[in-house]
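**Q** Attaching a single structure in structure tokens format; questions to follow.
Protein chains in written order, with the numbering used here: chain A, 615 to 886; chain B, 615 to 886; chain C, 615 to 886.
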């Protein structure tokens, strides 16, 4: 276990939704999501996430990041639906650019990245995990993961899809996306969506062991290799970021989409 | 089991090669190939197929189609070789456009599509199955499936290949296409060419259960997701349809190709 | 077993680093690497390799080639590091063009190609195997194979990567390349990097049996199919060969890269 030097985060980028710990001796940081009840990716969360990650990216003492959750049973519930419901087009645009920013930063990170998935991880939560170099999930079959957007009547954007295809291949992605599947941990492992399952009490230890394996390589070679593998997909959004934002705004503003998101939110409220 | 409302097909598009049943309560149609002895994809068959599918596509009561065979032991034997042998270039062109049309319509269908493969399915028969959203095959190891064109001395066009790669991945496709492999059902399942094997008596029940699963999703989200996954491959033929037709005509008209198709037809005749 | 007609190689292209045997009755040639101690791909080896392969390619009696090693425990150790260390930029350019030539010739060969991997096969050695139509490896877990360039602080070029992705898929390639993994034979089989494992004494027999299977197809159809599968990746290097060469020269000439290659060579010397 790392000695766990707790960063005193600068006020500017922290509102306590994410706890960042950097072990300078190993060069490994942990970003712990602690935004109860479900670590939803709100605009505030995304902004804090990007600022924290950028800081680590620039910190020479940091070579790898582990993403995990401080909230029991949930890794992240994905994009915050309240940000997409009944808001102005300006707000939708601002929110979407923050989602893009998160994806560009994690998928394109020059650090080694490991997702230590200690709870369910639907939609945008799954995306964060997909962007990492390696995914370890708690073997509890009650925890599930997947890009289930279609279940909500919405469509994952092409860069969610590209990231997913790069991990599980075209066929598995096509079926899973069309059905909006949430895969229980054992199934997620079987289809290659996560690389490894471990008991909950072994998760942190395993994540550090995997990270050590990735950091055993020379940074320069590892980074160039990673960039070579992901460049085409990263460039694709890079080249049409504003167009993608306009598409999102236009899609999410549609009456039937707003209606089905509202219904979904009502359903979630009743569940509580 | 669906109540099975038998459509009274308009004379214009039915000559009884395909039996279309639509269960309006579930929104599920079944297209049963009944063109003995082997459901070969003749020009007439293809025209009827496209007209029937187009009619279903426009029918608001229809949300999904199951493709299956009314001929024992064979799903479809693929493109009718007699259409490619000793005919005029005009005929070859007409035939090839019909093959393209079938592919464009099934692979690009906005309906959910399930192949209930109750017999062998070589070449073009395999293609029909590959275009579906899900493939269920009778577990009989005597039934085989594959793009075996190379065995006949011909080459599957790029869009057959693209569809195949999207299902089984590049490596499996490369090997299978070069060897012109016909995979027995268990092997087809192992390599991901079919999604599931069932006993023959369970096939229809299973196909309906799978279809219900796909239709549980909102049509709009499912359709947009499907289109996102398939657009690149669909557009590729769309952009060069006429060029592809001319390539086919020029290839199939070659003396050695005609000769090897003739030999293959003679061999088939002797088998009978 | 082939009667093994030993070619009397023309002086111009043989310096005995590769033994070429052609069995005219079966149309199958064997290229045996015999450049002790580790069959490293030196400029001389590559030139002889390309000349030998070109000769077979033009020989109508030859329809398939089996690549294997005459050196115990090693298939090929990959690119000769001495060619990349402390030499002139002219030399680097000449060497890299020879590496490209080898890849273009094997990956684009119109003959059927089988790798009979009877020893370890890191980096460039793995690339030779990846270029073949089929890979059989001795089941000894002490033999390993992989594109481990990152371990040496260097980066596999994009066409190594493209070839790898075409065999094992994007996800496996991304992880393996970033970690610079050398996969023991059983693991290499599990991830699809080799198609089959056999006991060492069965290797030649198996390679001939597999080759017979590939040669059972009409050459013309098999060749066009292979070309269709590989054209995009082959054309990509074809279109930027000189640019890729300049990239290599610039990268390999860098001080830190030269330093890490030097250290690696010293380490290898001490091992002896």
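Built from N, CA and C at the ideal position, the CB exists for glycine as well.
(1) To the nearest angstrom, how far is it from the Cα of residue 666 (chain A) to the Cα of residue 742 (chain A)?
(2) Distance check for residue 630 (chain B) and residue 759 (chain B), CA to CA, integer angstroms please.
(3) Taking a Cβ distance cut-off of 7 Å, strictly less, list which residues of the segment 829–853 of chain A are near chain C, in chain order.
(4) The alpha helix (DSSP H) spanning residue 701 (chain B) covers which residue range?
(5) Using a Cβ cut-off of 9 Å, which residues of the segment 762–778 of chain B contact any Cβ in chain A, in chain order?
(6) Quick one: any contact between the segment 802–809 of chain C and the segment 735–749 of chain B, if contact means 3 or more CB pairs under 8 Å?
(7) Under the three-state reduction of DSSP, which class applies to residue 810 (chain C): helix, strand or coil?
(8) Could you compute how far the alpha carbon of residue 657 (chain A) sits from the alpha carbon of residue 671 (chain A)?
(9) From residue 847 (chain A) to residue 854 (chain A), what does the alpha carbon distance come to, in whole angstroms?
(10) Touching or not, the segment 713–721 of chain A and the segment 781–788 of chain A, by the rule of three or more beta carbon pairs under 8 Å?
(11) Helix or strand or just coil, what does DSSP make of residue 666 (chain A)?
(12) Using beta-carbon positions only, say whether residue 731 (chain B) and residue 878 (chain B) come within less than 8 Å of one another.
(13) Where residue 840 (chain A) and residue 881 (chain C) are concerned, what is the direct C-alpha to C-alpha distance, given to the nearest angstrom?
(14) By a C-beta neighbour count over all protein chains shown, 10 Å radius and 16 as the cutoff for buried, is residue 749 (chain C) buried or exposed?
(15) If you count every other CB in all the chains shown that lies within 10 Å of the CB of residue 682 (chain B), and 16 or more means buried, which is it?
(16) Which residue from B:727, B:736, B:761 puts its Cα closest to that of residue 745 (chain B)?
(17) Going by CA-CA distance only, name the one from B:873, B:769, B:871 that's closest to residue 838 (chain C).
(18) Residues of the segment 746–758 of chain C with a CB closer than 9 Å to any CB of chain B: list them in chain order, please.
(19) Would you give the residue range spanned by the alpha helix (DSSP H) that residue 801 (chain C) belongs to?
(20) What's the gap between the Cα of residue 861 (chain B) and the Cα of residue 734 (chain B)?
(21) Let's see if you can read the secondary structure: which residues bound the alpha helix (DSSP H) around residue 737 (chain C)?
(22) Just to check my reading of the structure: residue 678 (chain A) and residue 829 (chain A) have Cβ atoms closer than 8 Å, yes? What is that Cβ distance to the nearest angstrom?
(23) Per DSSP, which residues does residue 645 (chain A) bridge with? Please list them.
(24) Kindly indicate if chain A contains any beta-carbon less than 8 Å away from that of residue 642 (chain B).
(25) Verify whether the separation of the beta carbon atoms of residue 887 (chain A) and residue 863 (chain A) is less than 8 Å.
(26) Along chain A, which residues have their Cβ under 9 Å away from the Cβ of residue 781 (chain B)?
(27) Using the beta-carbon count (16 or more within 10 Å), is residue 777 (chain B) buried or exposed?
(28) Show which residues of chain C have a CB atom less than 8 Å away from the CB atom of residue 827 (chain A).
(29) Classify residue 627 (chain C) as helix, strand or coil using the three-state DSSP reduction.
(30) Distance, Cα to Cα, residue 875 (chain B) vs residue 725 (chain C)?
(31) Can you tell which of C:767, C:686, C:711 has its C-alpha closest to the C-alpha of residue 873 (chain C)?
(32) Taking the alpha-carbon of residue 772 (chain C) as reference, which of C:827, C:850, C:747 has the nearest alpha-carbon?
(33) When DSSP builds the beta bridges, which residues end up paired with residue 729 (chain B)?
(34) From which residue to which residue does the beta strand (DSSP E) around residue 758 (chain A) run?
(35) Quick check on the burial criterion: 16 or more other C-beta atoms within 10 angstroms. Buried or exposed for residue 819 (chain A)?
(36) Taking the beta carbon of residue 692 (chain C) as the centre, do at least 16 other beta carbons fall within 10 Å, making it buried, or is it exposed?
**A** Per the coordinate set shown:
(1) Just so you know, the alpha carbons of residue 666 (chain A) and residue 742 (chain A) end up roughly 15 Å apart.
(2) C-alpha separation (whole angstroms): 25 Å.
(3) 831, 832, 834, 835, 836, 838, 839, 840, 842, 843
(4) First-last for residue 701 (chain B): undefined, no H or E at that position.
(5) none
(6) no
(7) strand
(8) 21 Å
(9) Distance between residue 847 (chain A) and residue 854 (chain A), taken at the CA atoms: about 12 Å.
(10) The segment 713–721 of chain A vs the segment 781–788 of chain A: no contact.
(11) helix
(12) no
(13) 26 Å
(14) buried
(15) buried
(16) Per the Cα distances, B:727.
(17) Out of B:873, B:769, B:871, B:769 has the C-alpha closest to the C-alpha of residue 838 (chain C).
(18) 747, 748
(19) 799–804
(20) Residue 861 (chain B) and residue 734 (chain B) have their alpha carbons spaced roughly 29 Å apart.
(21) Following the DSSP letters along the chain, one finds residue 737 (chain C) inside the alpha helix (DSSP H) bounded by residues 737–744.
(22) 6 Å
(23) A:634, A:681
(24) no
(25) Look at the range of chain A in this structure, 615 to 886, and you will see that residue 887 (chain A) is not part of it.
(26) 784, 785, 788
(27) buried
(28) 793
(29) Caution is warranted here: a pLDDT of 41 is assigned to residue 627 (chain C), below 50, making its placement in the model unreliable, and no coordinate value can be reported.
(30) 24 Å
(31) C:767
(32) Distance from the Cα of residue 772 (chain C) is smallest, within the candidate group C:827, C:850, C:747, for C:850.
(33) B:681, B:749
(34) 758–760
(35) The Cβ neighbour count for residue 819 (chain A), taken over all protein chains shown within 10 Å, is under 16; the residue is labelled exposed.
(36) buried
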